[in-house]
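*Asks:*
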Amino acid sequence: METLVRQIEAVIGVWCKDGRTFYVKRSEQMKNYPNVWSLLSIQFTPEELPDFTDLAAAQKLMEKMSDERIGGVPVTLKRYLKSSKCSDNPMQVPVTLHLYQIELDGEIKLNPRYYTDSTWFTVEQYLEASANSTCGLCMRMWSDYCYQSGLSEIRFAPRVK
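The sequence shown begins at 903 in my numbering and counts up one residue at a time.
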């Protein structure tokens, strides 16, 4: 008997400037990684983004994320950063994420179904705020990207629990 394995695909928006990154605290209602500091994200179906290098299609997903989760604030996708896949997660399903640099233009209004707080953190502040938390692939990707590109002297993603 063959088992159908569900897969998660998502785009991640990272907004950073002046040595700080914009983070959101995931709602306890979120099925995956509730109550942790994370990056803006939204899941999608492969049909919505058949080519992750298609920035126009990825922009539409970022706008959908903004409409659903942060009050429709104008979001501009600046560039593609990296992608990653893993099955090392509490859901025990394959996860594929695509990380993009974004900018928001305006005051956000958090939808509490998804996010309960937002703030700008330096690496040190993020480490302090997430000291007792678990970590998902998006934070490992961002941490690795920052380390590899010289934006951070350390990898700062918390351990996966």
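C-beta atoms are modelled at their ideal positions from N, C-alpha and C, and glycine is treated no differently.
1. Of the choices ASP920, CYS918, PRO952 and TRP917, whose alpha-carbon is the least far from that of GLU911?
2. How about PHE946: is its C-beta nearer than 8 Å to some C-beta of chain D?
3. For VAL907, count neighbouring Cβ atoms within 10 angstroms of its own Cβ and tell me buried if that reaches 16, exposed if not.
4. Using three-state DSSP, classify LYS927 as helix, strand or coil.
5. Do VAL916 and GLN1003 have their C-beta atoms closer together than 8 Å?
6. Using 10 angstroms around the beta-carbon of MET903, count the other beta-carbons present and answer buried if the total reaches 16, otherwise exposed.
7. Quick one: Cα of ALA958 to Cα of VAL977, how far?
8. Does DSSP put GLN1003 in a helix, in a strand, or in coil?
9. Taking the alpha carbon of ILE914 as the point to measure from, which residue in ARG981, GLU949, GLN931 and GLU930 has its own alpha carbon closest?
10. My output table needs one value for ALA912: the three-state DSSP class, helix, strand or coil.
11. Output the distance between the C-alpha atoms of THR1018 and GLN909, rounded to the nearest integer angstrom.
12. Would you check if there are 3 or more beta carbon pairs closer than 8 Å linking the region 917 to 931 to the region 940 to 954?
13. Kindly indicate which three-state DSSP category LYS1011 falls into: helix, strand or coil?
14. First and last residue of the beta strand (DSSP E) that includes TYR982?
*Replies:* The short version:
1. To locate residue 911, count along the sequence shown from 1; it is residue 9. For GLU911, the nearest C-alpha among the options comes from PRO952.
2. Any reference to chain D falls outside this structure, which holds one protein chain only.
3. Mapped onto the sequence shown, residue 907 falls at position 5. Low confidence applies here, because VAL907 scores a pLDDT of 49, under 50, leaving its location unreliable; read the following figure in that light. Its Cβ having fewer than 16 others within 10 Å, VAL907 is exposed.
4. As a working mapping, residue 927 is identified with position 25 in the sequence shown. In the structure shown, LYS927 sits in a strand (DSSP, three-state: E or B).
5. By one-based count along the sequence shown, residue 916 stands at place 14. By one-based count along the sequence shown, residue 1003 stands at place 101. In this structure, GLN1003 lies closer than 8 Å to VAL916 by Cβ.
6. Along the sequence shown, read from residue 1 onward, the residue named residue 903 stands at position 1. Model confidence at MET903 stands at a pLDDT of 45, short of 50, so the residue's coordinates are unreliable; what they give is reported in the following sentence. MET903 should be labelled exposed.
7. For this step, residue 958 is matched to residue 56 along the sequence shown. For this step, residue 977 is matched to residue 75 along the sequence shown. Going from the Cα of ALA958 to the Cα of VAL977 covers about 12 Å.
8. Translated into positions along the sequence shown, residue 1003 becomes position 101. It is a strand residue.
9. Here residue 914 corresponds to residue number 12 of the sequence shown, with the count starting at 1. Among ARG981, GLU949, GLN931 and GLU930, the Cα nearest to that of ILE914 belongs to ARG981.
10. In the sequence shown, residue 912 corresponds to position 10, counting from 1. Here ALA912 sits in strand by DSSP.
11. Stepping through the sequence shown from its first residue, residue 1018 is reached at position 116. Stepping through the sequence shown from its first residue, residue 909 is reached at position 7. Whole-angstrom Cα-Cα distance: 26 Å.
12. yes
13. Position 109 of the sequence shown, counting from 1, holds the residue named residue 1011. The answer is coil: DSSP assigns LYS1011 none of H, G, I, E or B.
14. Start at 1 with the first residue of the sequence shown, and residue 982 comes out as number 80. Note, TYR982: beta strand (DSSP E), 977 to 988.
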